[in-house]
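Numbering (my numbering), first residue to last: 16 to 243.
Ideal Cβ placement from N, Cα and C applies to all residues, glycine included.
Keep in mind it's a predicted model, so treat the numbers as computed, not measured.
Read through the structure below, which is laid out as structure tokens, and then see the notes.
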Amino acid sequence: MKPLPPRTSRGFTLLELLTAILIIGVLVSLAAPALNNAIRKARSAACQSNLRQLGLATQLFTQESNGYMPDIGWWAQEILPYAGAERPYRDIFWCPAATRQECPVVAGRTLSVYRNNQLIPIGYGINGNYPSNNGQYAYGNLGTRSPERRMNNIPNPSKVVLYLDQAGGYANLFYNTQDRFSTRHAPSSDPNKMGLNAVFVDGHVESLSMTYDTAARSPWRSMFDAVW
Numbered sequence: 016m017k018p019l020p021p022r023t024s025r026g027f028t029l030l031e032l033l034t035a036i037l038i039i040g041v042l043v044s045l046a047a048p049a050l051n052n053a054i055r056k057a058r059s060a061a062c063q064s065n066l067r068q069l070g071l072a073t074q075l076f077t078q079e080s081n082g083y084m085p086d087i088g089w090w091a092q093e094i095l096p097y098a099g100a101e102r103p104y105r106d107i108f109w110c111p112a113a114t115r116q117e118c119p120v121v122a123g124r125t126l127s128v129y130r131n132n133q134l135i136p137i138g139y140g141i142n143g144n145y146p147s148n149n150g151q152y153a154y155g156n157l158g159t160r161s162p163e164r165r166m167n168n169i170p171n172p173s174k175v176v177l178y179l180d181q182a183g184g185y186a187n188l189f190y191n192t193q194d195r196f197s198t199r200h201a202p203s204s205d206p207n208k209m210g211l212n213a214v215f216v217d218g219h220v221e222s223l224s225m226t227y228d229t230a231a232r233s234p235w236r237s238m239f240d241a242v243w
């Protein structure tokens, strides 16, 4: 009986290889939007968790300060001891979706809170209508000139924002950002649809969506009326 010749494995042809690459590319392109959406949702959830924790810390602060809100210029420093030590402070005060683009006038300096020998940048803003705010005339911020208010005296707490996503800054000169609200904004060529998270005075958190044309405002100038 004549033995059969040994079988040899056949490699892929060029056409088969190109077809496989094409199929993989199509699958990746189909999966990418879903993956990006999942990442955005995860970041938004982390951001909402930060805001919820800041809201709780503020409530604890007011309980020990005769009901008064923290000062607008030092709110982060004042609520920091109540923010909990189980998570890094940097994570609590910074939205995971935030970018760092700074005003060139004060490049490298950001609105920060000093803790454990380090400056922690802040990616959230407080509603300036209720804390005490004397303003800083040198930087174009006249402030509200309003006295401090007790948190339990704020009407409709479920409809009043306490903190929200906001571009930070130093000495009221704020980040050059196109996609996040700030009390000061860089110029923008088109109206921006802005999605942001906010915690309200009663402690609940919501995702908000609004449109604001930052091009209509003077670059790096105050726009408190747009935020509140």
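For residue i, which three-state DSSP category applies?
i: Ile137; result: coil
i: Asp86; result: coil
i: Arg55; result: helix
i: Tyr154; result: Note on Tyr154: pLDDT 39, under 50, position unreliable in the model; no value is reported.
i: Arg165; result: strand
i: Val175; result: coil
i: Cys110; result: coil
i: Ala98; result: coil
i: Glu79; result: coil
i: Thr28; result: coil
i: Asn65; result: helix
i: Pro48; result: helix
i: Ala201; result: With a pLDDT of 37 at Ala201, under the threshold of 50, the predicted position of this residue should be treated as unreliable, and no value is reported.
i: Asn207; result: Its pLDDT being 43, under 50, Asn207 is placed unreliably in this model, and the coordinates cannot settle the point.
i: Leu37; result: helix
Just grab the DSSP bridge partners of residue i for me.
i: Tyr221; result: The question names Tyr, yet the displayed sequence has Glu at residue 221. Answer is Ala213.
i: Asp180; result: Tyr139
Report back the beta-carbon spacing between residue i and residue j to the nearest angstrom; my notes put them in contact at under 8 Å.
i: Tyr145; j: Ile169; result: 6 Å
i: Gly82; j: Asn167; result: 6 Å
i: Ile107; j: Gln68; result: 6 Å
i: Gly143; j: Ile87; result: 5 Å
i: Tyr97; j: Ala61; result: Wrong, their Cβ atoms sit about 20 Å apart, outside the cutoff.
i: Ala91; j: Ile137; result: 6 Å
i: Leu66; j: Val220; result: 5 Å
Just tell me which of the options has its CA closest to the CA of residue i.
i: Ala112; options: Leu95, Gln63, Leu75, Leu32; result: Gln63
i: Lys174; options: Leu95, Ile141, Gly218; result: Gly218
i: Gly70; options: Val176, Gln181, Leu211; result: Val176
i: Pro172; options: Ile54, Ile137, Ala213, Asp180; result: Ala213
i: Tyr178; options: Ser44, Gln74, Ala46, Glu79; result: Gln74
i: Glu79; options: Arg165, Glu221, Gln181; result: Arg165
i: Leu223; options: Leu211, Val216, Cys110; result: Leu211
i: Lys56; options: Cys110, Leu33, Leu32, Phe76; result: Cys110
i: Asp180; options: Ser59, Met84, Pro85, Phe76; result: Ser59
i: Gly99; options: Pro85, Phe76, Val216; result: Phe76
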